[in-house]
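J.: In our numbering, the protein residues as written are -6 to 362.
Yeah, the Cβ is synthetic: ideal placement off N, Cα and C, and Gly gets one too.
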Amino acid sequence: MKIILAAGARPNFMKIAPLIWELEERKKEGRLRHIQYKVIHTGQHYDREMSEVFFKDLNIPAPDINLEVGSASHAVQTANIMIEFEKVCFQEKPDIVIVVGDVNSTIACTLVASKLGIRTAHVEAGLRSFDRTMPEETNRLLTDSLCDYLFTTCTDANTNLRKEGIPKSKVYFVGNIMIDCLKNFRLQARAKGTYKKYGFKEKNYALLTLHRPSNVDEEESLKKIYGIIEKISRKTPVIFPVHPRTRECLKSHSITNDVESIILEKPMGYVEHLNLMMNAMFVLTDSGGVQEETTVLKVPCLTLRENTERPITIKLGTNTLVGIDEQKIMKNFNKILDGTYKKPTKIPPLWDGKTARRIINILIGVRLA
Ligand code: UD1
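Okay, structure coming up:
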C-alpha cells in the first residue's frame, strides 16, 4: 500500500505531522512493513518561515517532492498544482492520497487523484462557514464531494456532510488532528521563553494574527482593524507576527506602525507561536486553527470574522465572533480585562491527541479500538 500525504500551506503542516509520526512509529515497531508513504509539498507557501521552519519544528522529514508552484491567482495556482501533481501520481502510483484542510493545494490534489481513480481521504472534512465569498469554502465543498474517506473533527461536520447528501459510510468522526500536534508540543512550548523576549509577563499581552483576504486586502478594513488594535494597545501590549500577505497589504495601503506597544514580527515557528498563544491574556485572530487551539488552551479568542466554520469553539470553547466591529471588540476586551469573559465549558469530544492513530487504523482497515 502506498500513501501520498499532500500539503502546501502553513496550516497544513501541523495536520500531516501527526500522521507521519504515527506511520513512523508503526514502522519502527515493524507493524507497517507493507505500507510506504511519501510527502508531497505543493510549494503554495515557500518562504522559509511559512514552510521550512515547520518541518524542523514539527520534527518531520523534508518533503520527498516539492512541486514549487509558488504564488499566483487562484486559478493559476490551483491549475499549476494540478499539472505537477498529476505527474507525481503517474510516477508514484499511490493507492491513496491524503489531503488536509481547505487551501488551494487541498482541492487541486483531490481533483487530480479523484480523476485518476486513486482513493482520496480528507482530514478536517465537513467544516462549513456557509460563506461562499471565502475561497476556502469552495475548496471544502468540492474536496468533500470528491473524497472517499471523510475524517471529521466534530459531529457538526458530520451533520453538514449528511445534509449535502454524502453517504454516511464515507464519514468518520475521528477528532481534531491539530490537537495531536498541540499536545505533543505543549511542554516544549511551555519551557520556551518566547513571550519574555518581548518584555511581556504571563497573561499581560495580546497576540494578533491576521491574513484573511476580507480583512487585509481592502484599505478600509485593514485601517479600521489597525485603529482598533492601537486602542487595545493603550491598555495591553500586542504582539503581531505578520503573514506575508498582510505585510504586502500594510505596505501597499501605507499603514505604518508608530506605536511602541504594538510589536510587528516575522511569522513565527510552531513552538514559538504556541508559547505566545498559551501565555497570552487573549488572542485576536481571523485564522481557523487558532480558534481551535485557543479553545484547548483555554485562552480567550476574539475572532475578527462574521462567521466561522468551527462553531464548536464558540459553543464549548473560548471563542467569540466579533467581526471588525469596534464596539463588540472593546466590549469583549473589557470583559477579558475585568475577568467576566465567558469560561470554556469543556474540550470538544475526541480533541484528545489520538486522532492520527484513529485515521491510520481506519485507512489500514483495522477496527477502531
Ligand atoms: C492560504 C490559504 C488559507 C490559509 C492561509 C494560511 C488558500 C485559498 N488560502 O492563504 O486558507 O489560512 O494560507 O497562511 O489556499 N506569500 C509569501 N510567501 C509565502 C506564501 C505566501 O510571500 O510563503 C504571499 C504571496 O504574496 C501570496 C500571498 O502571500 O500572493 C497569498 O498566499 P496564498 O497561498 O495565495 O494564500 P494565503 O493568503 O497565504
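Comparing alpha-carbon positions, which option in T229, L243, K228 lies nearest V235?
T.: Of T229, L243, K228, the smallest CA-CA separation from V235 is found for L243.
J.: Rounded to whole angstroms, what is the Cα-Cα separation between I170 and Q84?
T.: Straight-line Cα distance between these residues: approximately 29 Å.
J.: Could you spell out the range, first to last residue, of the alpha helix (DSSP H) harbouring E45?
T.: 45 to 50
J.: Taking only three categories from DSSP, how would you classify A114?
T.: strand
J.: To the nearest angstrom, report how far apart L277 and N354 are at their CA atoms.
T.: 36 Å
J.: Check the DSSP bridge columns for P234 and list the partner residues they point to.
T.: E258
J.: Let me know if R121 comes out buried or exposed under the rule of 16 or more other beta-carbons within 10 Å of its beta-carbon.
T.: buried
J.: In the DSSP output, which residue or residues are listed as bridge partners for A150?
T.: In DSSP, A150 forms no bridge with anything.
J.: Hey, how far is the Cα of D345 from the Cα of K339?
T.: 12 Å
J.: Return yes when the Cβ of K31 is within less than 8 Å of the Cβ of D50, no when it is not.
T.: no
J.: Considering only residues of the same chain and omitting the five flanking positions on each side of R112, which have a CB-CB separation below 7 Å?
T.: D88, I89, D141
J.: Going by the C-beta, is V116 closer than 7 Å to any heavy atom of the ligand UD1?
T.: no
J.: If contacts are defined as beta-carbon pairs under 8 Å, then L309 and T296 qualify, I think. What distance do you get, rounded to the angstrom?
T.: L309 to T296, Cβ: 15 Å. No contact.
J.: Leaving aside the five residues before and after I248 along the sequence, list all residues of the same chain whose C-beta is less than 7 Å from its C-beta, in chain order.
T.: Excluding sequence neighbours, I248 sits near L215, K216, Y219.
J.: Bridge partners for Q29 per DSSP, in chain order?
T.: K(-5)
J.: Using only the alpha-carbon positions, how far apart do L361 and L16 sit?
T.: Note that L361 scores 46 on pLDDT, short of 50, meaning its location in the model is unreliable; the coordinates nonetheless yield the value given after this. Approximately 16 Å between the Cα atoms of the pair.
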